[in-house]
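In UniProt numbering, the protein residues as written are 1 to 283.
Beta carbons are placed, not taken as given, at the ideal position from N, Cα and C, and that holds for glycine.
Predicted, not measured: the structure shown is a model, and the values here were computed from it.
The structure appears below as structure tokens.
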């Protein structure tokens, strides 16, 4: 917190073997806090902010100095935008947040093509898109419910999970098994859902006494059963979804809450409020 308000910083690294701050090729201060981000291409990405704004940024390379260039900007949410997910066509995105609204955007000119006001009755915490499909996505909320959306339909939303007193905090779609979704709750519970039959979850279990902050399946088809998880703590775990959520690995490398996870070439990376980005090596 600086000058009585929050701000965000964008960092760009060309070499992912060293995340020391002095190795960053671009450092750019934003006017608002950054809540989520996702790549659209190798050099173009979308960020969403606690101001309600959505931005498209591009990395511009030059002989002198690399820099970020803002391509598009829109502020159509009425409160903080907490989540953004990119459809496979890399042109459309879905956003959601504290205004309980979901929006589908065309990133070419950042126009909202669909808007679902009060899509949930409480804060929308997370979204993810169906692999190889540009019209279906899933959302979760503090209203205890997960909805499966198909924007081609007149009634686009169907409930796939709801549990009393279980605010939902994160959702991830398996990129290889396109019927499998994992949901996390603020109660520390992980739920596995088969979207082909949603009456009964495949698995439900409490994995921590802290809330689940983020879940992410390994995109490697040979390790598609691996599910990475970070909590409202310094802990990261990897579970085997094929073996009753068997705990495969646990990492305690951060000194503050872990806020982000990413897979790259079978390696797991994390970032936290301690200001560090860490690569986790396991066999």
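Subject >> Ordered list of beta strand (DSSP E) runs contained in the UniProt repeat "WD" (74–115), each at least 3 residues >> reply: Complete beta strand (DSSP E) runs here, min 3: 81–86, 92–97 and 102–106.
Subject >> Proximal residues to residue 2 (C-beta, below 8 Å), its chain only, five neighbours per side dropped >> reply: Taking the chain shown and counting its residues from 1, the one referred to as residue 2 is at position 2. Interpretation of residue 2 is limited by its pLDDT of 47, a score under 50 that renders its predicted location unreliable; the figure taken from the coordinates is listed afterwards. Sequence-distant Cβ neighbours of residue 2 in its own chain, meaning closer than 8 Å and more than five residues away, do not exist here.
Subject >> Selected residue, minimal CA-CA separation from residue 273, among 175, 120 and 231 >> reply: In the chain shown, counting from the first residue as 1, residue 273 sits at position 273. Per the Cα distances, 231.
Original post:
Which term fits residue 229, buried or exposed, when burial requires 16 or more other beta carbons within 10 angstroms of its beta carbon?
Top reply: Reading the chain shown from its first residue, position 229 is the one you call residue 229. When all chains shown are included, residue 229 counts as buried.
Original post:
Which residue comes first and which comes last in the beta strand (DSSP E) that contains residue 40?
Top reply: Against the chain shown, residue 40 aligns to sequence position 40. Per DSSP, residue 40 belongs to no beta strand (DSSP E) and is neither H nor E.
Subject >> beta strand (DSSP E) segment containing residue 158, residue limits >> reply: Position 158 of the chain shown, counted from the start, is the residue given in the question as residue 158. Looking at the DSSP string, the run of the beta strand (DSSP E) that includes residue 158 is 157–162.
Original post:
Just checking, does the segment 58–66 make contact with the segment 77–93 on the three C-beta pairs under 8 Å criterion?
Top reply: No, because fewer than three Cβ pairs between the segment 58–66 and the segment 77–93 fall closer than 8 Å, the two stretches do not touch.
**OP:** Look at the Cβ atom of residue 142, then the Cβ atom of residue 94, and state whether they are nearer than 7 Å.
**Re:** Within the chain shown, numbered from 1, the residue matching residue 142 stands at position 142. Within the chain shown, numbered from 1, the residue matching residue 94 stands at position 94. Not a contact, by the Cβ cut-off of 7 Å.
**OP:** For residue 265, name the three-state secondary structure that DSSP assigns.
**Re:** The residue given as residue 265 occupies position 265 in the chain shown. In the structure shown, residue 265 sits in coil (DSSP, three-state: anything other than H, G, I, E or B).
**OP:** Kindly list the residues whose CB is nearer than 7 Å to the CB of residue 271, restricted to its own chain and excluding five residues on each side of it in sequence; keep chain order.
**Re:** Numbered from 1 along the chain shown, position 271 holds the residue referred to as residue 271. 259, 260 and 277, listed in sequence order.
**OP:** With distances taken Cα to Cα, identify the nearest neighbour of residue 39 among 275, 51, 57 and 31.
**Re:** The count along the chain shown starts at 1 and reaches residue 39 at position 39. Nearest of 275, 51, 57 and 31 to residue 39, Cα basis: 57.
**OP:** Provide the residue span of the beta strand (DSSP E) that contains residue 151, from first to last.
**Re:** Position 151 of the chain shown, counting from 1, holds the residue named residue 151. Neither: residue 151 is in no beta strand (DSSP E) and is coded neither H nor E.
**OP:** Name the residue from 67, 6, 209 and 82 whose alpha carbon lies nearest to the alpha carbon of residue 128.
**Re:** Within the chain shown, numbered from 1, the residue matching residue 128 stands at position 128. Ranking the options by Cα distance to residue 128, first place goes to 82.
Subject >> Spatially closest choice to residue 79 from 266, 54 and 140, by CA coordinates >> reply: Looking up residue 79 in the chain shown gives position 79. The option with the nearest alpha carbon to residue 79 is 54.
Original post:
Alpha carbon to alpha carbon, how far is residue 252 from residue 237?
Top reply: Here residue 252 refers to the residue found at position 252 of the chain shown. Here residue 237 refers to the residue found at position 237 of the chain shown. Rounded to the nearest angstrom, the two C-alpha atoms are 9 Å apart.
Original post:
Helix, strand or coil: which one does DSSP assign to residue 49?
Top reply: Counted from its first residue, the chain shown places residue 49 at position 49. Under the three-state reduction of DSSP output, residue 49 falls in the strand class.
Original post:
Counting pairs of Cβ atoms below 8 Å between the segment 115–122 and the segment 65–75, do you hit three or more?
Top reply: In this structure the segment 115–122 does not lie against the segment 65–75, because fewer than three pairs of beta carbons, one per stretch, are closer than 8 Å.
**OP:** Select from 247, 123, 241 and 204 the residue whose C-alpha is nearest the C-alpha of residue 217.
**Re:** Sequence index remark: in the chain shown, residue 217 carries index 217 (1-based). Selected option, being the one with the closest Cα: 241.
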